[in-house]
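J.: What follows is a structure written as structure tokens; I'll ask about it next.
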Amino acid sequence: KAGVTQTPRYLIKTRGQQVTLSCSPISGHRSVSWYQQTPGQGLQFLFEYFSETQRNKGNFPGRFSGRQFSNSRSEMNVSTLELGDSALYLCASRSDIRTGTYEQYFGPGTRLTVT
Amino acid sequence: SQELEQSPQSLIVQEGKNLTINCTSSKTLYGLYWYKQKYGEGLIFLMMLQKGGEEKSHEKITAKLDEKKQQSSLHITASQPSHAGIYLCGADRDYGGSQGNLIFGKGTKLSVKP
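Chains as they are written, first to last, in this note's numbering: chain A, 1 to 115; chain B, 1001 to 1114.
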């Protein structure tokens, strides 16, 4: 099976712009989570989607949003970019918990630099 | 809120030596994950532990979850340069891991000297 894929791998944006990141989960996985990783704060949970519904949200401002499509692919959007949004954004997918499998697999990440 | 503390923060070992990384939780762990990360890259899934006393091994890496489910250790036997990287422990925020929401420790940076 192909792993979690994320596009693009690298992005450079200017303050005030917006950005959309994409994630394709492992085939058959319906849960997609997004994380932000920075040197100062480490890995922090952004939100999780399951069957096109946001199930949980981390402590981030409303500028951070996401969605999930019927094929489980997910996008996250950051509007009005700030310098502090520079980070590695990681997507992770997980199989349906009803199967009893909980492993969460991560993609390679998107490195966002805001100038 | 639950926190995960990893120790040590960094580790330099000679190739061939054994090493242990610890992950301690302030609350009961319902699911404990170990990942490895190369700088600036994604997380590679190593192992997941759920039951107190559980132990899993993959190649030269063994992870254990203690009986009280508040601490896990990752042990590498006969370390190799390929083991170098950042090791992260993560835990489910809630029972059953139904929310896909993990909290993570700050990571342990491992360097292996040839």
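Even glycine gets a Cβ: it sits at the ideal position worked out from N, Cα and C.
Buried or exposed: R94 of chain A, going by 16 or more other Cβ atoms within 10 Å of its Cβ?
T.: buried
J.: Answer yes or no: do L46 of chain A and G58 of chain A have a C-beta to C-beta separation smaller than 8 Å?
T.: yes
J.: Tell me, to the nearest whole angstrom, how far the beta carbon of L112 of chain A is from that of L11 of chain A; I am working on the premise that it is less than 8 Å.
T.: 5 Å
J.: May I ask you to report which of helix, strand or coil DSSP gives D1092 of chain B?
T.: D1092 of chain B carries a strand assignment under DSSP once its states are collapsed to helix, strand and coil.
J.: Who does K57 of chain A pair with in a DSSP beta bridge?
T.: Partner(s): A:F47.
J.: With a cut-off of 8 Å, does the C-beta of E1041 of chain B fall near any C-beta of chain A?
T.: yes
J.: What are the boundary residues of the beta strand (DSSP E) that F1045 of chain B is part of?
T.: L1043 to L1049
J.: Based on Cα-Cα distance, which residue from B:A1084, B:Y1035 and B:L1011 lies nearest to I1103 of chain B?
T.: It is B:Y1035.
J.: Just the C-alpha distance for N71 of chain A and Q1050 of chain B, rounded to the nearest angstrom, thanks.
T.: 30 Å
J.: For a quick check, are the C-beta atoms of L4 of chain A and F106 of chain A less than 8 Å apart?
T.: Before going further, note that residue 4 of chain A is Val rather than Leu in the sequence given. Going by C-beta atoms, V4 of chain A is nearer than 8 Å to F106 of chain A.
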